[in-house]
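Peer 1:
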Amino acid sequence: MKFGAVACALVAGGVALTPLALCAEDLKPEQITVARVPARMKRVYVMDPVLPHMVDGRVYVLDAKDLTLKGMMESGFAGMMAAAPDKGRVYVAASFYARLTRGARTDVIQVYDDETLKVIDEIPVPTLRAQALPYRNLFRLNSDGSMIFAQNATPATSVTVVDVASKKNFEAQGPGCYGIYPALANPLRFATLCGDGTATTYTISSDHASAQLKSSAKFFDPQSDPLYTHAEPTRDGYVFLTYSGKLMRLAVDGDTVAAQPAGDAAEGQKGWAPGGYQPFTVDAQAGVAYLLMHDKAVEGSHKAPSVEIWAYDLNAKKLLARSPVAGLIGVTLSASEPNTLFGIDGVANKIVRLAVDPQSRNITPAGEIKLGETAALIEAPR
Amino acid sequence: MSGDPVSKLMGVFDRVAENAARKSAQMIGRRSVLSSLGKILVGGAVLPMLPFDRSARAQGASPASEKTDTDCDYWRYCALDGFLCSCCGGSITSCPPGTEPSTVTWVGTCQNPKDGKDYMVSYNDCCGKTTCGRCLCNSNVRERPGYLLGVHNDINWCMANQPSMYHCTVSVIVGVAG
Numbered sequence: 003m004k005f006g007a008v009a010c011a012l013v014a015g016g017v018a019l020t021p022l023a024l025c026a027e028d029l030k031p032e033q034i035t036v037a038r039v040p041a042r043m044k045r046v047y048v049m050d051p052v053l054p055h056m057v058d059g060r061v062y063v064l065d066a067k068d069l070t071l072k073g074m075m076e077s078g079f080a081g082m083m084a085a086a087p088d089k090g091r092v093y094v095a096a097s098f099y100a101r102l103t104r105g106a107r108t109d110v111i112q113v114y115d116d117e118t119l120k121v122i123d124e125i126p127v128p129t130l131r132a133q134a135l136p137y138r139n140l141f142r143l144n145s146d147g148s149m150i151f152a153q154n155a156t157p158a159t160s161v162t163v164v165d166v167a168s169k170k171n172f173e174a175q176g177p178g179c180y181g182i183y184p185a186l187a188n189p190l191r192f193a194t195l196c197g198d199g200t201a202t203t204y205t206i207s208s209d210h211a212s213a214q215l216k217s218s219a220k221f222f223d224p225q226s227d228p229l230y231t232h233a234e235p236t237r238d239g240y241v242f243l244t245y246s247g248k249l250m251r252l253a254v255d256g257d258t259v260a261a262q263p264a265g266d267a268a269e270g271q272k273g274w275a276p277g278g279y280q281p282f283t284v285d286a287q288a289g290v291a292y293l294l295m296h297d298k299a300v301e302g303s304h305k306a307p308s309v310e311i312w313a314y315d316l317n318a319k320k321l322l323a324r325s326p327v328a329g330l331i332g333v334t335l336s337a338s339e340p341n342t343l344f345g346i347d348g349v350a351n352k353i354v355r356l357a358v359d360p361q362s363r364n365i366t367p368a369g370e371i372k373l374g375e376t377a378a379l380i381e382a383p384r
Numbered sequence: 070m071s072g073d074p075v076s077k078l079m080g081v082f083d084r085v086a087e088n089a090a091r092k093s094a095q096m097i098g099r100r101s102v103l104s105s106l107g108k109i110l111v112g113g114a115v116l117p118m119l120p121f122d123r124s125a126r127a128q129g130a131s132p133a134s135e136k137t138d139t140d141c142d143y144w145r146y147c148a149l150d151g152f153l154c155s156c157c158g159g160s161i162t163s164c165p166p167g168t169e170p171s172t173v174t175w176v177g178t179c180q181n182p183k184d185g186k187d188y189m190v191s192y193n194d195c196c197g198k199t200t201c202g203r204c205l206c207n208s209n210v211r212e213r214p215g216y217l218l219g220v221h222n223d224i225n226w227c228m229a230n231q232p233s234m235y236h237c238t239v240s241v242i243v244g245v246a247g
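As given, the protein sequences belong to chains A and B, one line each in that order.
The end of the first sequence is residue 384 by the working numbering, with every number in the run present.
The end of the second sequence is residue 247 by the working numbering, with every number in the run present.
1) Starting from the beta carbon of A:M56, find every residue of chain B whose beta carbon is closer than 7 Å, and list them in chain order.
2) Along chain B, in chain order, which residues have C-beta atoms closer than 7 Å to that of A:R104?
3) Can you find a CB in chain B that lies within less than 8 Å of the CB of A:T258?
4) State the start and end residues of the unbroken beta strand (DSSP E) segment that holds B:C206.
5) What does DSSP give as the partner residue(s) for B:K183 in the beta ladder?
6) Can you name the start and end residues of the beta strand (DSSP E) that A:L102 belongs to?
7) Per DSSP, which one or two residues make a beta bridge with A:Q133?
8) What three-state label does DSSP hand A:P54 in the structure shown?
9) Taking the alpha carbon of A:C179 as the reference point, which residue from B:G219, B:C204, B:P182 and B:V173 has its own alpha carbon closest?
10) Does chain A have any CB closer than 8 Å to the CB of B:P165?
11) Can you pull the chain B neighbours of A:S379, defined as C-beta to C-beta under 8 Å?
12) Apart from the five residues just before and just after A:Q112, which ones in its own chain have a Cβ nearer than 7 Å to its Cβ?
13) Tell me where the beta strand (DSSP E) around A:E370 begins and ends.
14) Are the CB atoms of A:P54 and B:G202 nearer to each other than 8 Å?
15) Return the first residue and the last residue of the beta strand (DSSP E) that A:R237 is part of.
16) Go ahead and pull the three-state DSSP assignment for A:E173.
17) Output needed for A:A106: all residues of its chain with C-beta closer than 6 Å, excluding positions within five of it in sequence on either side, in chain order.
18) When burial is assigned at 16 or more other CB atoms within 10 Å of the CB, is A:L1 buried or exposed?
19) In whole angstroms, what is the alpha-carbon distance linking A:Y137 and A:K30?
20) Under 6 Å Cβ to Cβ from B:V239, same chain only, skipping five residues before and after it: list those, please.
21) Assign A:D139 to one of three DSSP states: helix, strand, or coil.
22) Measuring CA to CA, which of A:A66, A:R60, A:D58 and A:D115 is closest to A:A86?
23) In angstroms with no decimal places, state the Cα-to-Cα distance between B:I242 and B:S191.
24) Indicate the three-state DSSP secondary structure (helix, strand or coil) for B:W226 in the structure shown.
25) Name the residue from A:T200, A:A158 and A:I206 whose alpha carbon lies nearest to the alpha carbon of A:I392.
26) Name the DSSP bridge partner or partners of A:T231?
27) Out of curiosity, what's the CA-to-CA distance linking A:L69 and A:A357?
28) Let me confirm a value: A:D2 is counted as buried when at least 16 other C-beta atoms fall within 10 Å, else exposed. Which label applies?
29) Using a Cβ-Cβ cut-off of less than 8 Å, list which residues of the region 223–241 of chain A approach chain B; keep chain order.
30) Report all residues from its chain with a CB closer than 8 Å to the CB of A:G277; omit the five preceding and five following residues, and keep chain order.
31) Against chain A, with Cβ distances strictly below 8 Å, would B:I205 count as a contact?
32) Assign A:R237 to buried or exposed, taking buried as 16 or more other Cβ atoms, counted over all protein chains shown, within 10 Å of its Cβ.
33) Would A:D255 and A:N188 qualify as a contact pair, given that the criterion is a beta-carbon distance under 8 Å?
34) Three or more C-beta pairs under 8 Å: does that hold for the region 225–232 of chain A against the region 321–331 of chain A?
35) Going along chain B in order, which residues have a C-beta closer than 8 Å to the C-beta of A:A134?
36) Can you grab the Cα-Cα spacing for the pair A:A132 / B:M228, in whole Å?
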């Protein structure tokens, strides 16, 4: 009521800008509130390492329905993220320096509440973490959410294995290997890709204090046609993609990785190849991969933005549709709506929503928001 | 052997690895780098404009004959992903004031259009200040995923410096390939 009286006094004093209604007896002063992300809202997370000022990384939280921005989470320098929607948590690993850009380095996994977007806990980890662009497979939860696997590079490579409940961790050596692919049904196991064309399977001891390693046979050529480290989970393993467009299924739940070819998206399509930082996504239910493809492909164009999105049938090993969607460097499938894709337009700095026609597999625009500076990872985990 | 700049470079790389008692990892990377060096002609490739590349090409590149060390498609930058130190107070081979060269790095192979020769180029990051933010370039000839870390550029090569804050990247010729 005091504020109302002041406002009326200002009007009376000659500042004749305020309508008389402001002085009405029934005016109710507005209250400041703090927004909260609705629990049931389907979320899209966009991780932006903001390359022009890297100490200030962030994860944008968007409403999957219309791509409106609902809030953000800080990801410090070279952050990584992994969402745990069943727990209402998002784990965000980050490096911080005592004097912003200098001083002692601290690495922590920040535990965010996915409604308040507040840090509710922190898990310290060794300062070995790979300070890399936020590729999905550098920071993963295990199959039951009880452990986090964080890729290290000093530049020697290893994996920090974190027990979420106790916050204890240990370093599992991983010479020459990179990328983390948790077993789908065994919480104590994950695999990595290695520079000699093999994969290594890590089996963690029951006390969560050590790991046993077992290498597979060689199954890919890391020089002439490397596998992207991005991979998409299916019911019985992961789908991988090579620079030239060949697809491969890897079963990772056994004590060694088993690889199986899953087709060649660019077969007979001369000059076309995949590109981007998150260059494909898979609808595991339908057995369809959606790939960001560009023409005039040359050595070194493996991160080029899309010219088209191709839908490829992984079971029939057949190209289903080509849709003109340009500029994307990352794409992901909604976990809850199989006919909705979300993408990062890295050229125009936009996040886009795309609709898939379930019959033809043609893809059309269905919304966008101008957002971010150098977004590099997009996730729609529920 | 020790006088050769590539050996020196790789020696640093290996020492870091040895300190962590994981030399085998780096030997894989080193062999891969060395086996690929000198074999591949990279000149003449016309790369598409990439995201995270919003300086020279994004603003309209100079004609090929007039490329300078502040253009993303200057020949030495064929595999450089980062901010050009030439735009940040340093030069093509010097770090800006107050920063320090990274102690570990990776090596690309680029063709100089003037003499047609392939050169090994060390992409050292300059470390210790906040990100420069000017002349962001993104070229990836012969770049490979992180399981070949010695030829990977989506990672902070200031990782072994103290502090490890990334500022910009220089391109230092360390040898002739082939």
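Where is the CB? At the ideal position from N, CA and C, for every residue including glycine.
Peer 2: Once the coordinates are examined:
1) Listed along chain B, the residues sitting closer than 7 Å to A:M56 by beta-carbon distance are T200 and Y235.
2) G197, P232 and M234, listed in chain order.
3) no
4) L205 to N207
5) Per DSSP, none; premise fails for B:K183.
6) A:L102 -> no beta strand (DSSP E), and no H or E assigned at all.
7) According to DSSP, which records beta bridges pairwise, A:Q133 is partnered with nothing at all.
8) helix
9) The shortest C-alpha separation from A:C179 is found at B:G219.
10) no
11) Here the sequence assigns Leu to residue 379 of chain A, which means Ser is not the residue at that position. Near A:L379 there are no residues of chain B at all, since even the closest Cβ is about 12 Å away, more than 8 Å.
12) Excluding sequence neighbours, A:Q112 sits near V94, A96, V121 and E124.
13) If you look at A:E370, you'll find it in the beta strand (DSSP E) that goes I365 to K372.
14) yes
15) Judged by DSSP secondary structure, A:R237 falls outside any beta strand (DSSP E); it is assigned neither H nor E.
16) strand
17) A100
18) In the structure as shown, chain A begins at 3 and stops at 384. Residue 1 of chain A is therefore absent and cannot be evaluated.
19) 49 Å
20) C154, T162 and N193
21) For clarity, residue 139 of chain A is Asn in the given sequence; the question names Asp instead. Three-state DSSP puts A:N139 in a helix.
22) A:D115
23) 6 Å
24) coil
25) Any answer about residue 392 of chain A is impossible in this case: the structure gives chain A only from 3 up to 384.
26) Note: A:T231 sits in no beta bridge, so no partner.
27) 13 Å
28) In this structure chain A extends from 3 to 384, so residue 2 of chain A is not present and cannot be described.
29) P224, Q225, P228, L229, Y230 and T231
30) Cβ neighbours of A:G277 beyond the five flanking positions: L294, M295, H296, A299, S303, H304, K305, A306, P307, S308 and I331.
31) For clarity, residue 205 of chain B is Leu in the given sequence; the question names Ile instead. Yes, its Cβ sits closer than 8 Å to a Cβ of chain A.
32) exposed
33) yes
34) Output reads no: the region 321–331 of chain A does not touch the region 225–232 of chain A.
35) G215, D223, I224 and N225
36) A:A132 and B:M228: Cα-Cα distance of roughly 8 Å.
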